[in-house]
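Below is one structure, written out as structure tokens; comments come after it.
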Amino acid sequence: MKIKVNGEDKETQSENVLQLLKELDIVPERVAVEVNLGIIKRADFENCKLHDGDTVEIVYFVGGGIYGGQISN
Amino acid sequence: MEDKLVIKGIEFKSRLWIGTGKYKDFEETASVVEASGADVVTVAVRRVNIVDRKSENLLDYIDPKKYKILPNTAGCYTVEDALRYSRLAREAGVSDMIKLEVIGDEKTLFPDVIGLLKATEILAKEGFIVFPYTNDDPIMAKRLEDAGAAAVMPLGAPIGSGLGIRNPYNIKIILEAAKVPVIVDAGVGTASDAAIAMELGCDAVLINTAVAGAKDPITMAEAMKHAVIAGRLAHKAGRIPKKLYATASSPIEGML
Numbered sequence: 213m214k215i216k217v218n219g220e221d222k223e224t225q226s227e228n229v230l231q232l233l234k235e236l237d238i239v240p241e242r243v244a245v246e247v248n249l250g251i252i253k254r255a256d257f258e259n260c261k262l263h264d265g266d267t268v269e270i271v272y273f274v275g276g277g278i279y280g281g282q283i284s285n
Numbered sequence: 045m046e047d048k049l050v051i052k053g054i055e056f057k058s059r060l061w062i063g064t065g066k067y068k069d070f071e072e073t074a075s076v077v078e079a080s081g082a083d084v085v086t087v088a089v090r091r092v093n094i095v096d097r098k099s100e101n102l103l104d105y106i107d108p109k110k111y112k113i114l115p116n117t118a119g120c121y122t123v124e125d126a127l128r129y130s131r132l133a134r135e136a137g138v139s140d141m142i143k144l145e146v147i148g149d150e151k152t153l154f155p156d157v158i159g160l161l162k163a164t165e166i167l168a169k170e171g172f173i174v175f176p177y178t179n180d181d182p183i184m185a186k187r188l189e190d191a192g193a194a195a196v197m198p199l200g201a202p203i204g205s206g207l208g209i210r211n212p213y214n215i216k217i218i219l220e221a222a223k224v225p226v227i228v229d230a231g232v233g234t235a236s237d238a239a240i241a242m243e244l245g246c247d248a249v250l251i252n253t254a255v256a257g258a259k260d261p262i263t264m265a266e267a268m269k270h271a272v273i274a275g276r277l278a279h280k281a282g283r284i285p286k287k288l289y290a291t292a293s294s295p296i297e298g299m300l
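Each protein sequence line maps, in turn, to chains Y and H.
For this note's numbering, add 212 to where a residue sits in the first sequence, where the first one is 1.
For this note's numbering, add 44 to where a residue sits in the second sequence, where the first one is 1.
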């Protein structure tokens, strides 16, 4: 199926959020995930099924202080 | 003598809070944090780069067990964005603390205080420990406190400007009225600015650019650590009143 991850189109076989994170080589404990603007709790990563056309956002912490993170990048 | 900062039951070991933006790499960030003696470290929330994945993570260098990770909503210009980033930060992290920024203008990076107040109210109701970055406006500080802010974080000067504490009298008025801790956020340029903030009676200072942008960030981090301690002690000791004319320190008696 085709989904959008962090703004990029992606073809994936992953059926749920946990599988997608594994596919992307992302440690689940270090990130937060949104599917179609709804936050998915870490405990629900495996239960959260992905569907064609879903928009997924995966975020983590980066260096930043007071407006430290560069939003434009 | 115990002089610990406690906010909502959380004990803070240092009154210097450090931002982690603008360093050349994670090693430098970690060395700076260590040299500063800070236990609060602010971070931003951003997309994981899924195209060019680097295995390194900031939290591999800044241990969340050792430091209090304070995520911010830096770069948010609307209440909606600030709420979204706050909620994501809570999921990604380990605590309910959020350094709330609702920026009003790109050039000055001054806060949009109307948006800030709305977001503070909503997040406080959701159980967040909200640290709003605000103007040096005593009325707004009070409003934020009433809306449930855990502390107020007035700017000393615009973010990254290094202009120091431009309006110490307003900060003083904020301090007089505040029932929550007051933490100066933004504007510090060098160690004396941090000391001034603490001498005024502020509970802590948050510094990023003044350290990250110094020629030698690690040494500046150490300077800030001492400045914050010195300023705090001076505040507690109570300074002498300023006078126009001299008062001799040595006795007159016994002179030839």
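No residue lacks a Cβ here, since even glycine has one placed at the ideal position from N, Cα and C.
Assigned secondary structure, residue i (DSSP; H/G/I helix, E/B strand, else coil)
i	result
Asp229 (chain H)	strand
Ile262 (chain H)	helix
Glu269 (chain Y)	strand
Gly250 (chain Y)	strand
Pro295 (chain H)	coil
Arg283 (chain H)	coil
Met304 (chain H)	Because residue 304 (chain H) is not part of the residues shown, which for chain H are 45 to 300, the question remains open.
Asn259 (chain Y)	coil
Asn179 (chain H)	coil
Gly275 (chain H)	helix
Ile215 (chain Y)	strand
Ile173 (chain H)	strand
Ala244 (chain Y)	strand
Val224 (chain H)	coil
Gly275 (chain Y)	strand
Sub-8 Å separation of residue i and residue j beta-carbons
i	j	result
Leu60 (chain H)	Gly81 (chain H)	yes
Asn218 (chain Y)	Ile251 (chain Y)	no
Gly63 (chain H)	Leu250 (chain H)	yes
Val226 (chain H)	Ala195 (chain H)	yes
Phe56 (chain H)	Lys68 (chain H)	no
Lys261 (chain Y)	Glu227 (chain Y)	yes
Lys214 (chain Y)	Gly265 (chain Y)	yes
Ile173 (chain H)	Met141 (chain H)	yes
Asp83 (chain H)	Tyr111 (chain H)	yes
Tyr177 (chain H)	Leu127 (chain H)	no
Leu230 (chain Y)	Pro240 (chain Y)	yes
Ala256 (chain H)	Gly65 (chain H)	yes
Ala191 (chain H)	Thr164 (chain H)	yes
Val268 (chain Y)	Val87 (chain H)	no
Tyr272 (chain Y)	Val85 (chain H)	no
Val132 (chain H)	Ala244 (chain Y)	Here the sequence assigns Leu to residue 132 (chain H), which means Val is not the residue at that position. Yes.
Glu220 (chain Y)	Val89 (chain H)	no
Gly275 (chain H)	Ala248 (chain H)	no
Nonlocal neighbours in the same chain, by C-beta distance under 6 Å from residue i, ignoring five residues either side
i	result
Glu78 (chain H)	none
Lys162 (chain H)	Val123
Asp156 (chain H)	Val146, Gly148
Residue i - containing beta strand (DSSP E), residue span
i	result
Leu207 (chain H)	Per DSSP, Leu207 (chain H) belongs to no beta strand (DSSP E) and is neither H nor E.
Ala248 (chain H)	248–251
Leu49 (chain H)	49–51
Leu199 (chain H)	Taken as a continuous stretch (DSSP letters only), Leu199 (chain H) belongs to no beta strand (DSSP E), as it is neither H nor E.
Leu60 (chain H)	60–63
Glu223 (chain Y)	220–223
Val89 (chain H)	84–91
Glu55 (chain H)	54–56
Val239 (chain Y)	Careful: Val239 (chain Y) lies outside any beta strand (DSSP E) and carries neither H nor E.
7 Å CB neighbourhood of residue i in its chain, flanking five on each side removed
i	result
Gly200 (chain H)	Gly208, Ile209, Arg210, Val228, Ala230, Gly231, Val232, Asp237, Ala241
Arg187 (chain H)	Leu161
Val224 (chain H)	Glu189, Ala193, Ala194, Ala195, Val196
Pro182 (chain H)	Asn214, Ile217, Ile218, Ala221
Asn248 (chain Y)	Asp266, Thr267
Cys120 (chain H)	Ala126, Tyr129, Glu145, Val146, Ile147
Ile262 (chain H)	Ser75, Val76, Ala79
Gly245 (chain H)	Leu219, His279
Residues near residue i by beta carbon distance below 8 Å, same chain, minus five either side
i	result
Gln282 (chain Y)	Low confidence applies here, because Gln282 (chain Y) scores a pLDDT of 40, under 50, leaving its location unreliable; read the following figure in that light. Taken in chain order, the list of residues that qualify is empty.
Pro202 (chain H)	Thr152, Leu153, Phe154, Ala230, Gly231
Ala185 (chain H)	Thr178, Val196, Pro198, Ile218, Ala221, Ala222, Val226
Val50 (chain H)	Phe56
Arg283 (chain H)	Glu243
First through last residue of the alpha helix (DSSP H) which encompasses residue i
i	result
Val157 (chain H)	157–169
Asp104 (chain H)	102–105
Val76 (chain H)	70–80
Ile94 (chain H)	No alpha helix (DSSP H) contains Ile94 (chain H), which DSSP labels as neither H nor E.
Ser226 (chain Y)	Here Ser226 (chain Y) belongs to no alpha helix (DSSP H), and DSSP marks it neither H nor E.
Asp264 (chain Y)	Unbroken run through Asp264 (chain Y): none, as it is neither H nor E.
Closer than 7 Å: residue i CB and nearest the ligand PLP heavy atom
i	result
Pro115 (chain H)	Annotation note on the ligand PLP: not contained in the displayed structure, which lists no ligands.
Give, in chain order, every unbroken run of the alpha helix (DSSP H) that is at least 4 residues long and sits entirely within the segment 108–148 of chain H.
The alpha helix (DSSP H) runs lying completely inside the segment 108–148 of chain H and spanning 4 residues or more are 123–136, given in chain order.
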